[in-house]
Structures are given as C-alpha cells and as structure tokens.
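S.K.: What follows is a structure written as structure tokens; I'll ask about it next.
4 protein chains.
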Amino acid sequence: MSSRKKDIIDTSIALFNQEGCLSTSTRHIADNMGISVGNLYYYFKNKEDILVQILQEYTHSLFESLHAFDFANNRQFLFKEFLLQIQILDAKYKFLHTEMHSIIVTFPQFKLSMRSIMNDEVNLMRKLIVHQIEHGYMVELEKNEIEHLIANARILKLSSAGYWNIIEDRPQVNSQMASLSLFYFLHPYLTQKAYDDESWHQLEANLLKEVADVKM
Amino acid sequence: MSSRKKDIIDTSIALFNQEGCLSTSTRHIADNMGISVGNLYYYFKNKEDILVQILQEYTHSLFESLHAFDFANNRQFLFKEFLLQIQILDAKYKFLHTEMHSIIVTFPQFKLSMRSIMNDEVNLMRKLIVHQIEHGYMVELEKNEIEHLIANARILKLSSAGYWNIIEDRPQVNSQMASLSLFYFLHPYLTQKAYDDESWHQLEANLLKEVADVKM
Amino acid sequence: MSSRKKDIIDTSIALFNQEGCLSTSTRHIADNMGISVGNLYYYFKNKEDILVQILQEYTHSLFESLHAFDFANNRQFLFKEFLLQIQILDAKYKFLHTEMHSIIVTFPQFKLSMRSIMNDEVNLMRKLIVHQIEHGYMVELEKNEIEHLIANARILKLSSAGYWNIIEDRPQVNSQMASLSLFYFLHPYLTQKAYDDESWHQLEANLLKEVADVKM
Amino acid sequence: MSSRKKDIIDTSIALFNQEGCLSTSTRHIADNMGISVGNLYYYFKNKEDILVQILQEYTHSLFESLHAFDFANNRQFLFKEFLLQIQILDAKYKFLHTEMHSIIVTFPQFKLSMRSIMNDEVNLMRKLIVHQIEHGYMVELEKNEIEHLIANARILKLSSAGYWNIIEDRPQVNSQMASLSLFYFLHPYLTQKAYDDESWHQLEANLLKEVADVKM
DNA sequence: AATGAATGAGTTTTCATTCAT
DNA sequence: AATGAATGAAAACTCATTCAT
Chain A
982 MSSRKKDIID TSIALFNQEG CLSTSTRHIA DNMGISVGNL YYYFKNKEDI LVQILQEYTH
1042 SLFESLHAFD FANNRQFLFK EFLLQIQILD AKYKFLHTEM HSIIVTFPQF KLSMRSIMND
1102 EVNLMRKLIV HQIEHGYMVE LEKNEIEHLI ANARILKLSS AGYWNIIEDR PQVNSQMASL
1162 SLFYFLHPYL TQKAYDDESW HQLEANLLKE VADVKM
Chain B
982 MSSRKKDIID TSIALFNQEG CLSTSTRHIA DNMGISVGNL YYYFKNKEDI LVQILQEYTH
1042 SLFESLHAFD FANNRQFLFK EFLLQIQILD AKYKFLHTEM HSIIVTFPQF KLSMRSIMND
1102 EVNLMRKLIV HQIEHGYMVE LEKNEIEHLI ANARILKLSS AGYWNIIEDR PQVNSQMASL
1162 SLFYFLHPYL TQKAYDDESW HQLEANLLKE VADVKM
Chain C
982 MSSRKKDIID TSIALFNQEG CLSTSTRHIA DNMGISVGNL YYYFKNKEDI LVQILQEYTH
1042 SLFESLHAFD FANNRQFLFK EFLLQIQILD AKYKFLHTEM HSIIVTFPQF KLSMRSIMND
1102 EVNLMRKLIV HQIEHGYMVE LEKNEIEHLI ANARILKLSS AGYWNIIEDR PQVNSQMASL
1162 SLFYFLHPYL TQKAYDDESW HQLEANLLKE VADVKM
Chain D
982 MSSRKKDIID TSIALFNQEG CLSTSTRHIA DNMGISVGNL YYYFKNKEDI LVQILQEYTH
1042 SLFESLHAFD FANNRQFLFK EFLLQIQILD AKYKFLHTEM HSIIVTFPQF KLSMRSIMND
1102 EVNLMRKLIV HQIEHGYMVE LEKNEIEHLI ANARILKLSS AGYWNIIEDR PQVNSQMASL
1162 SLFYFLHPYL TQKAYDDESW HQLEANLLKE VADVKM
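Residue numbers (my numbering), protein chains in the order written: chain A, 982 to 1197; chain B, 982 to 1197; chain C, 982 to 1197; chain D, 982 to 1197.
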C-alpha cells in the first residue's frame, strides 16, 4: 500500500473516532491531511471504500496478533494476553463499534464485510474458550452457554468504553473502567487454577491502580 | 399530547428503527405520514426536539413500569419481571441504543438528556440488585462488583439485539437470543433460591422454546 | 378601530423596532400577544397590510400634531416645537426609516404609500421653512436651497439615530446625539432673532445636559 | 482572488442593489451566473461571508482612493475631489447603506465589521475637516460641532440617494440630486477662500447642468 | 499522481398564508 | 371573532462525487 493511501486511512480513523464517522466529510479528511479531495478519490473509489479498507486493516491486525497464540502447543492461561491485545485494537478502531449500526444503514456493502469478520472473531473466541476449559482455566460450560458467553464478551468489549463515556466525561479513566468491566464479567467463569495464575492478579492490580491514580 | 404529535413520534421511532435515525430525514417522516414537512415543524421545533421527546417517552415508560415493583414491601424474586419489562421497551426504542453514539455526535443536547436518564436507570438497577441480594436471590457482591455488574447488564441489554442482527438476519429469533444472552449473563450471580423460583425456569424454557420454534 | 386591531399594530411596531420588520414573523407577533395567527389574519389581509396601516397611523399622527401650528396666524419661532414633535414620532416608528429600503423591495405596494406620505411631509416642511424665513427666524434662501435643506433635514431626522447606534451601543445617549446632530445642522440657517428666542437655548441646554448625564 | 470569486462578489453587489440584499437568495445569485449553489458555497462559507467580503472590498476602495490626498503636503481645497470619490463608491455599494439596518439584524457579525469601518471613515473625515479649516477653506468650528458635522455629512452621503429615489423614480437625476444635497449641506461651512476656488464652482455648475439636462 | 473547481441532489428549517371549525 | 392545524414554496447550507487539467 502506498504511504499516501496509508495516511488517508490513518487520518480517517483518527477523525472518525474524534468526530464521528458520519459527521466527517471527505473534504474534512482531505483538508486535515493537506491534500485535495480529488486525490483522496484517486486512492479510494468512495467513502464506503475507505471504511471497508479500515475494516480489513482491523481484521488483519486482529488475527495477526491472535494467531500468535498457537493453541495447539500452548497449555497456558491465555486470557490476560487476549484481553490486552483486544483492548488495544478496540481503542484504535473505536468508531467501528460505537457507530456500527449507523454505518451499516448508510453503507449497505459494509454490513456484509462486518458480518464475515464478526464470524471469524466468534470462531476465534470459541477456540480460545474451549482451549481454556480443556486446560482447566475455565469452568465447564454447555455449548449454548459458550455461544452466549462469546456474544456477551464481544458486546462488552466493544461497548463498555462507550457506556462509561456517557456516564461521565473522563476519557482516561473510562478506558480502564471498560477493561475492569470485562474483567469482572469473566470472573465467574474462571477456575481456581486461573486465579492462581499470577498474570491474572497482575492485570487486576494494574487496572485498579490506574483507575485510583486518575481519580485522585 | 395531540394525536398528530403522537403519530409523528410513533412514525419517527418506526422509521428510525428501520432505516436509521441519521438516515431518516424530516421530509421522509412527513412523506411517510402523508403530511407536509411544515406541519411536522409545527409540532417540533427541530429534529433534535423529536429525539429528545422520544427519549422522554422512553424514560417515562421505563420508570412507569419499574416503579410498580415496590421494593420496600416486596420479598419476591423480581428478575424475571424486570427482564421482561426492559426487553419490551428496548425492542421498541432499539435505535436509541444502537445509534446512540452517532446521535450524540450530531445532537449535542441529546447527550445531556441521555446521561441524566442513564444515571436514573443505573440507580434503579442498583436498588434492584441490592434488594435481590438482601432477600437471598443473588450472591453477595462487593460494591465494586455491583457497579460493574450494573454496567455490564445495561450494556448487554442495550446492545445484544444489535449484535445478533449482525451475526444473522433473523429479526424474530434475534430478539429472543438477546434475552437469552442476558439470561445467561445473570446465571452466575443467582443463588440456589433463585433457581428454585419457578418463574426463572419458566423464562428460560419460554425463551429456548421460542428460539427453537423459529429456527426450525 | 377595534382594540384588538390597535393592539396588533402596537405590538407589531414594538417588535419591528426591536428585532427588525423583516425578521419578525407573523407568528412571532401573534405569540407575543397571546392570540392565534389566524386571528391576526382576520384583522389584516397580510403582513403588508399591517405595514401599510402602521404607515397610515404614522402619517395621521404626524399631520395631527403639525397642523396645530396654524402658520397663518402664528408669528413665533416654531422650530423647537417642530423638532420635538417630530423626534417623538420618529422614535416610535423607527423601523419605518431604518428598514425602509428593505421593506420597499419586499412589499412593492408599500413604496407607493411611502412616496405619497413623504411628499406630504416635504410640503409641510417647505411651508414651515418659508414661514420662518418670512418672520425673520431663518436666513433668506433660494428655492433650490430650500428643497435641499428639506431633503437634508428629512434624511437627518430619519437616519441620525441609526448612525449613532452603529458607532456605539448606547441607546439612551444616541437618541439625544441624533437630536443634537439635527440641532447643529440647523444652526447656520437660523438668524440672530432665532438665537435670541429663549426656547432654542433651552432645547440646546437640555440636550447637552442629558448627553452629559448619561455619559458620566 | 480567483475570477470566479470576483464574479460572485460583483454579481451579488449588482443583485443586492437592484433587488435588495435580503430579497436576493444565494440560489438567485448562482442562477444569475449560471453556476450551481454548491459552487457558490465553495468560495464563500455562507451568505454573511459574501457580505463581509463586499464590505472589505468597499473599505479597501475607499481608503485606497482617499489616502491619495496626502494631507501633510497638501494645502489645496480638497472637498471637490473628496465628494467625487465618495460619490462613486457609494453609488456602487448602495445597498450597504440603504439596507444596512436590516442586514445588521440578520447578520450579527456584519455589525462589528461595519462599526469598525465606520470608525475609520469618521477618523478620515475628521482629518480632512481639520486640514481644510487649517488652510482656511472652512470656518472655525468647535470640537462638538466638528463631530456632528461629520455625523451629518456621513449620513447624508449615505442616505441622500435613497431619499430621492423614493421621492421620484429617476435613477440618473437622483444620483446628482444626492450630490447637490451634500453640496448645499456643506455651503455654510465653507469660507470665501473656498468659494473662490474654481473647482467648487465647477462642481456646482456640472451638477446643476446634469440635473437640468435630464429633467428636460 | 494530484489538483481544485464544479455539480446535483439532498438536508434542515422558516414563514406567510389558508381554512375548517 | 377566534382558533390552531396544515400547507407549499422557498430559504440557507452540505456533501459525496466527478472531471478537465
């Protein structure tokens, strides 16, 4: 990908997160980069095209970072790493989640892309959960329960930040609050073996400390 | 409220749910009702005004139905009722949740109304949870845990339907799936006394049956 | 005239002066009076009709107050009285002068009414000037000079207030400044006999005192 | 400035003068030029922007032509030149004066620009008057009298044309009548030395002749 | 590759006026 | 006399997209 094209994507992501995807005009993006609108349309055939390619980038990053887990040869407690990886991505592509429904209505093509990506994510999460159950880090769950656990986990990871931002305007705290919410959500599904793993306690301690620091 | 005004609100809700709030123009609403745009603006001073009044209606319905619980004189297991009530409302005002972030960026006044309503909702949910713990239907929880439980419950009740709609296009099932998700989410926090309450099993049975029926 | 009709005219004048004639909608007038728009249109066939009737009222007041002068049997210095009378009227119907051109373009019928009234005014002023020259209060002037003196006097009396309002936002002072401007404008045309008349000095003294009072 | 932008300004001035600034819509301007409204908004961010830039152009022209006077090294009778320069400009930007008050109510930003320009103009006129008194072309005047002379001169130069246009529909004559009004207004303030200057008589003769020519 | 002028269809909003009651 | 709901035409403004250069 040409660096100009990459720049457009990065600027778009930044502006979409700040001011909303639907409220950000193509002219606004171009102005922000100091290039012409025409040039933007040289690289992308329309605004939806930018969105679709952002989505592709998101997917790519997601699976790149998660494939590293190598479930087959790994017997470890993987949740901490998993949560961390995901949190970074979701923060970067925030608007994809918070504005998803508005975007879908406006750009019909986008829905299909989104759906296929979400199915991949679900499969990956299922694999992780099954793996963690097998190795005794999570409690036994029925098939049904697993599916809804995945659904809930996915929703929470996407929407928590948005929720806390409406409750109160504290960007720094809210990001941590969102992580803590997810953390507490998983609690009941973990076994004693998971609690004994030091990485889990580390994560909790860090999150609580950060929230406390900012609140002071 | 005049019936014309009520009609405008109802039509707006329907169109906002179907085609998105931001994609639905005031002209679209008026055309759909067979009235002139000018007439619409006779009842509402602008589009945001429609939204704010929808929000008020939503709040009113929410608290009307929930105040019936009468926590002080009630020792019963209330979750089933609570979930049912909420589910109906959230289905009707779906767009308020799925498009919330896009709406907030476009209509700044709306954010303030939304925030105040959410705080009221949070307080009510806290009251319910504390009540259910006191009467032995929920497990003991620390203050921190309660706050995040509320956050997670609220997010899930708002976003579940949206999630399932992206996974698959089955409007009828998805509404039930969303309820099931919330149902499973609450599982770990309930005591044996709650499970023993027949209303809980009824709810689960109904939901599973409905999903199964449609899926066939 | 019915009192309701009179009320509409009075309210319109007040609002037109405060917020501009073109910026004041018929609904705004009706709301301000607590009556319905329909009722307003019962008394006036359209907005222009209100304007034309305001103009008639203005003319009526103007000639009512000026006919009292009785030029034929009066040998006195009349300028002071004349200026005072006119100043009161022009303050009340301010918008008629400051917005005249915009109104004329928007309401073509209005221009004709305005023209005929202005001709009447010009005739009256000519009569006054000729009278004052005859009785030695004003210097001798050629026909041409009289016509332009009238023109200038009329323009200044109409536009002075507007000028001072743009220079600085001091409503109370500006009204006096406008009168002073007119006062100084007339200076060179007055004879010693006029200066000797005490009413003239009184007027100057009053105006200067009022300006000084407010400025402190 | 791009020629398209200049065209928009020129067309706007022409239409504003002919049909009134408030009665001329942006679409009307665009149609008149054979361009799209969107294109107009490419050059100006809104209608007020057009107005403000017209005002800037007016100011620029005004001071460009008046700075040529070079008061410091000039001992001449400057009124004739001054009046001529100003007359040309005021004719071109007529609507700025005749519709000023309506415009100010509608475009609040415009008032501030207008005020600052008027203050500059007043300063320039004060300089001119003081200069002419010093060199014996005008009679001695007190500070107060000078300020009101400026006010009156400014008002008359702006509003005379409007006045005569209401009295009678003779565009060509009216422009001259307006100049004559101003001419006669200044009469009493000029010294014999000024009258002896041939340029003054020339001006009067020309104006009278032009009026007479057209009237025949 | 890049520009930036231009378009057209759309949006929200305003308002004088009408009219059934 | 009076209401107030309803209209239609117009206003200002936006924006994704195109295209000659």
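Each residue gets a CB set at the ideal place from its N, CA and C atoms; glycine is no exception.
(1) Since I believe F997 of chain A is in contact with F1076 of chain A (beta carbons under 8 angstroms), could you give me their beta-carbon distance rounded to a whole number of angstroms?
(2) Determine which residues of the stretch 1159–1187 of chain B have a Cβ less than 7 angstroms from any Cβ of chain A, and write them out in chain order.
(3) Helix, strand or coil for M1095 of chain D? Go by DSSP, reduced to three states.
(4) I'd like the list of long-range same chain contacts for S1180 of chain D, defined as Cβ closer than 7 angstroms, with 5 residues on each side in sequence excluded.
(5) Return helix, strand or coil for L1171 of chain B, following the three-state DSSP convention.
(6) List, in chain order, every chain B residue whose beta-carbon is nearer than 7 angstroms to that of V1086 of chain A.
(7) Say whether chain D places a C-beta atom closer than 9 angstroms to the C-beta of K1026 of chain C.
(8) Among D:D1101, D:E1121 and D:N1100, which has the Cα closest to the Cα of I1110 of chain D?
(9) Listing by chain order, which chain C residues have their CB less than 7 angstroms from the CB of H1082 of chain D?
(10) Please confirm if the stretch 1149–1162 of chain D is in contact with the stretch 1187–1195 of chain D, defined as three or more CB-CB distances below 8 angstroms between the two stretches.
(11) What does the alpha-carbon distance come out to for the pair Y1087 of chain C and A1132 of chain D?
(12) Which term fits Q1113 of chain D, buried or exposed, when burial requires 16 or more other beta carbons within 10 angstroms of its beta carbon?
(13) Between A1072 of chain B and chain A, is any beta-carbon pair separated by less than 9 angstroms?
(14) Candidates A:A1142, A:L1032, A:T1007 and A:E1115: which alpha carbon is nearest P1089 of chain A's?
(15) Taking beta-carbon pairs under 8 angstroms, can you tell me which members of the stretch 1116–1136 of chain D lie near chain C?
(16) Grab the span of the alpha helix (DSSP H) containing M1014 of chain C for me, first residue to last.
(17) Starting from the Cα of L1065 of chain D, find the closest Cα among D:T1005, D:Q1037, D:F1050 and D:Y1023 and give me that residue.
(18) Would N1104 of chain A pass as an interface residue toward chain B - the criterion being a Cβ-Cβ separation below 9 angstroms?
(19) When you compare only the Cα positions, how much space is there between V1018 of chain D and I990 of chain D?
(20) Which stretch, first to last residue, makes up the alpha helix (DSSP H) that contains L1064 of chain B?
(21) What does the Cβ neighbour count give for G1143 of chain B, buried or exposed, with the cut at 16 atoms within 10 Å?
(22) Considering only their Cβ atoms, is the gap separating F1166 of chain C from F1166 of chain D smaller than 9 angstroms?
(23) Below 8 angstroms on the Cβ atoms is my guess for L1171 of chain D versus L1105 of chain D; work out the distance and round it to an integer in Å.
(24) Name the DSSP beta bridge partners of M1158 of chain A, please?
(25) Tell me the residue span of the alpha helix (DSSP H) that contains G1117 of chain B.
(26) May I ask you to report which of helix, strand or coil DSSP gives L1003 of chain A?
(27) The alpha helix (DSSP H) that contains F1135 of chain B, what's its start and end?
(28) Just checking: is the beta-carbon of K987 of chain D within a distance shorter than 9 angstroms of some beta-carbon in chain C?
(29) Locate the alpha helix (DSSP H) running through E1121 of chain C, then write down its first and last residues.
(30) What does the alpha-carbon distance come out to for the pair A1011 of chain B and D988 of chain B?
(31) Expressed to the nearest angstrom, what Euclidean distance is found between the alpha-carbon atoms of E1208 of chain D and M1081 of chain D?
(32) Which of the three DSSP states, helix, strand or coil, is assigned to M1081 of chain A?
(33) Which residues bound the alpha helix (DSSP H) around N1020 of chain D?
(34) Would you decide whether N1146 of chain C is buried or exposed? Buried here means 16 or more other CB atoms lie within 10 Å of its CB.
(35) Answer yes or no: does any C-beta atom of chain D fall closer than 9 angstroms to that of N1054 of chain C?
M.R.: The relevant details are as follows:
(1) For the purposes of this step, residue 1076 of chain A is taken as residue 95 along the first sequence, with counting starting at 1. For the purposes of this step, residue 997 of chain A is taken as residue 16 along the first sequence, with counting starting at 1. Rounded, the Cβ-Cβ distance is 4 angstroms, consistent with contact.
(2) L1161, S1162, Y1165, F1166 and P1169
(3) The residue given as residue 1095 of chain D occupies position 114 in the fourth sequence. If DSSP states are grouped into helix, strand and coil, M1095 of chain D belongs with the helices.
(4) On the fourth sequence, position 199 is the one that residue 1180 of chain D refers to. Closer than 7 angstroms at Cβ, skipping near neighbours: F1058 and K1061.
(5) Residue mapping note: residue 1171 of chain B aligns to position 190 of the second sequence, counting from 1. Residue state, collapsed to three classes: strand.
(6) Here the question's residue 1086 of chain A lines up with position 105 in the first sequence. Within 7 angstroms Cβ-Cβ: E1000, G1001 and S1004.
(7) By one-based count along the third sequence, residue 1026 of chain C stands at place 45. Answer no: the Cβ-Cβ gap between K1026 of chain C and chain D never drops below 9 angstroms.
(8) For the purposes of this step, residue 1110 of chain D is taken as the residue at position 129 of the fourth sequence. The shortest Cα separation from I1110 of chain D among D:D1101, D:E1121 and D:N1100 belongs to D:E1121.
(9) To locate residue 1082 of chain D, count along the fourth sequence from 1; it is residue 101. The contacting residues are T1079, E1080 and G1143.
(10) yes
(11) Numbered from 1 along the third sequence, position 106 holds the residue referred to as residue 1087 of chain C. Numbered from 1 along the fourth sequence, position 151 holds the residue referred to as residue 1132 of chain D. One point to set straight first is that residue 1087 of chain C is Thr, not Tyr, in the sequence displayed. If I take the Cα positions, the gap works out to 29 angstroms.
(12) Here the question's residue 1113 of chain D lines up with position 132 in the fourth sequence. The residue is buried, with at least 16 neighbouring Cβ atoms inside 10 Å.
(13) Taking the first residue of the second sequence as position 1, residue 1072 of chain B is located at position 91. So, not an interface residue.
(14) Start at 1 with the first residue of the first sequence, and residue 1089 of chain A comes out as number 108. The residue with the shortest Cα to Cα distance from P1089 of chain A is A:L1032.
(15) N1125, E1126, H1129, L1130, A1132, N1133, R1135 and I1136
(16) Counted from its first residue, the third sequence places residue 1014 of chain C at position 33. Counting along the chain, the alpha helix (DSSP H) containing M1014 of chain C begins and ends at T1007 to M1014.
(17) The residue given as residue 1065 of chain D occupies position 84 in the fourth sequence. Closest option to L1065 of chain D, Cα to Cα, is D:F1050.
(18) For the purposes of this step, residue 1104 of chain A is taken as the residue at position 123 of the first sequence. Answer no: the Cβ-Cβ gap between N1104 of chain A and chain B never drops below 9 angstroms.
(19) Locating residue 1018 of chain D in the fourth sequence gives position 37, where the first residue counts as 1. Locating residue 990 of chain D in the fourth sequence gives position 9, where the first residue counts as 1. Near 14 angstroms, if we compare the C-alpha coordinates of I990 of chain D and V1018 of chain D.
(20) Indexing the second sequence from 1 puts residue 1064 of chain B at position 83. From DSSP, the alpha helix (DSSP H) with L1064 of chain B extends over F1060 to K1073.
(21) Numbered from its first residue, the second sequence carries residue 1143 of chain B at position 162. Burial call: buried.
(22) On the fourth sequence, position 185 is the one that residue 1166 of chain D refers to. On the third sequence, position 185 is the one that residue 1166 of chain C refers to. A contact, by the Cβ cut-off of 9 angstroms.
(23) Here the question's residue 1171 of chain D lines up with position 190 in the fourth sequence. Here the question's residue 1105 of chain D lines up with position 124 in the fourth sequence. Actually they do not touch by this definition, with Cβ atoms about 19 angstroms apart.
(24) The sequence position of residue 1158 of chain A within the first sequence is 177, counting from 1. Answer by DSSP bridge pairing: none, since M1158 of chain A is not bridged.
(25) Residue mapping note: residue 1117 of chain B aligns to position 136 of the second sequence, counting from 1. Per DSSP, G1117 of chain B belongs to no alpha helix (DSSP H) and is neither H nor E.
(26) For this step, residue 1003 of chain A is matched to residue 22 along the first sequence. Coil, per DSSP.
(27) As a working mapping, residue 1135 of chain B is identified with position 154 in the second sequence. First, the amino acid is wrong: residue 1135 of chain B is Arg here, not Phe. K1124 to I1148 is the span of the alpha helix (DSSP H), which, as asked, contains R1135 of chain B.
(28) Counting from one through the fourth sequence, the residue named residue 987 of chain D turns up at place 6. It does not; no Cβ of chain C falls within 9 angstroms.
(29) What you label residue 1121 of chain C is simply residue 140 of the third sequence in a count that begins at 1. No alpha helix (DSSP H) holds E1121 of chain C; DSSP gives it neither H nor E.
(30) In the second sequence, the residue the question calls residue 1011 of chain B occupies position 30. In the second sequence, the residue the question calls residue 988 of chain B occupies position 7. Each residue's Cα considered, the two are about 10 angstroms apart.
(31) No answer is possible for residue 1208 of chain D: the residues shown for chain D start at 982 and end at 1197.
(32) Counting from one through the first sequence, the residue named residue 1081 of chain A turns up at place 100. Of the three classes helix, strand and coil, the one that applies to M1081 of chain A here is helix, per DSSP.
(33) Locating residue 1020 of chain D in the fourth sequence gives position 39, counting from the first residue. Looking at the DSSP string, the run of the alpha helix (DSSP H) that includes N1020 of chain D is V1018 to Y1024.
(34) Here residue 1146 of chain C is taken as the residue at index 165 of the third sequence, counted from 1. It counts as buried.
(35) Reading the third sequence from its first residue, position 73 is the one you call residue 1054 of chain C. By this cut-off, N1054 of chain C is not an interface position.
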